[in-house]
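This report concerns only the one structure given below.
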Amino acid sequence: MNKDKILIIGASGTVGSEVVNLLRNSGHDVLESTSRSVTKEHQIQLDLVTGEGVNKAFDLSDRVFLISPPGYADQYAILSPLIQEAKRQGLKKVVLMTAMGANVDECSPFRRAELELENSGLQYNIVRPNWFLQNFNTFWLKEINEQRKILLPTGDAKVSFIDARDISEVVAKLIVDDNNCNKAFDLTGKEALDHQQVAKVISSEINEDIIYEDIDPSLLRERLLNAHLPKEYVDFLLTILGFLKEGYNERVTQEVKNILGREPRDISDYVKDYKEVWNAN
Ligand SMILES: NC(=O)c1ccc[n+]([C@@H]2O[C@H](COP(=O)([O-])OP(=O)(O)OC[C@H]3O[C@@H](n4cnc5c(N)ncnc54)[C@H](OP(=O)(O)O)[C@@H]3O)[C@@H](O)[C@H]2O)c1
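First residue of the sequence shown: 1, per the numbering used here; consecutive thereafter.
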């Protein structure tokens, strides 16, 4: 059996889908994971919660990109079996995506997964992206389109938002390039903006006012619970949004430029490319 594929966990997701495109366009043999039924070639079904299908997918692969899907607050429980499987099967390289700030608390689930990978003996890279710009066309889209508002408990804190397409490019490069092995990279955009500034850039692009309102965390909590997110994940999100409000996500790093040799995309690139999604009516 050929063990030479690059397995992308979360291949239909925001980051993973673009990693798949980039790798395939440069001629690599990519295996896309999904928890759903297989519908196309080069796709494999596996379940990150039950572990079903993981062994077979890793058996076909020599490099893997790992994420923990949103909705699970214990990312260690999702990621650890994957790291163990990569080790057991002697994969050539693992690229793990966690989140900026994950390494602040050595006991956090994301950090425990990072430590397990760092100590595994496998060749690896860890990417820790800041908050994605793409949240404005996914998680926060409903309120923007229904109320023309960004409603978040984030005060006037600045965030060096990153365009997820830049994360994908970094991952696609790291996963096949062994020159930068065994390092972790905090990935950010090129400038830090508060949510009011984000609202203004979107408004000016779509020619209609989108307002940012700093809300009480309890209102977001209610909204997320009503959207049927698990309580522990809602608690996790509110905790990290609390850090955001304290200014912990303002830091700008040069890692995207160092790795890709160009500046990260900025917010105006992002809103131009996504403007149709905010034209709700
Ligand atoms: N959003 C942000 O601002 C931000 C910032 C920093 C870090 N992060 C991290 O980014 C990660 C999410 O990445 P993303 O936004 O690219 O993901 P995403 O778009 O939410 O996609 C999640 C993927 O996981 C797959 N999936 C869900 N449940 C699964 C299961 N039980 N078994 C196997 N696959 C499953 C889905 O595919 P199928 O439906 O096909 O199974 C999908 O491809 C999270 O770990 C988050 O902490 C996010």
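From the three backbone atoms N, C-alpha and C, an ideal C-beta is built for every residue, glycine too.
Near ligand 1: residue i beta-carbon under 8 Å from a heavy atom
i	result
Ile-150	no
Leu-291	Nothing about residue 291 can be read from this structure; the chain reaches only from 1 to 281.
Ile-6	no
Val-202	Looking at the sequence provided, one finds Ile at residue 202 rather than Val. The answer is no for Ile-202.
Phe-132	yes
Ser-12	yes
Arg-36	yes
Val-64	no
Gly-242	no
Beta-carbon proximity check, residue i vs residue j, cutoff 9 Å
i	j	result
Ala-172	Glu-18	yes
Leu-31	Ile-6	yes
Ile-210	Ile-144	yes
Ser-120	Lys-87	yes
Ile-44	Leu-60	yes
Leu-91	Leu-117	no
Ile-240	Gly-13	no
Residue i, buried or exposed, once every other Cβ within 10 Å from all chains shown has been counted against 16
i	result
Gln-285	The structure shown does not extend to residue 285, since the chain spans only 1 to 281, so no value can be given for it.
His-228	exposed
Val-127	buried
Val-20	buried
Pro-230	exposed
Asp-163	buried
Gly-189	buried
Asn-182	exposed
Leu-219	exposed
Leu-225	exposed
Cβ of residue i within 9 Å of any chain C Cβ
i	result
Gln-147	Looking for chain C here will not work: only one protein chain is present.
Query raised in the report: Going along the chain, which unbroken runs of the alpha helix (DSSP H) with 4 or more residues stay wholly within the stretch 64 to 123?
Result: 75 to 88, 109 to 118
Query - alpha helix (DSSP H) runs contained entirely in the stretch 164 to 225, provided each spans 4 or more residues - result: 164 to 176, 195 to 206
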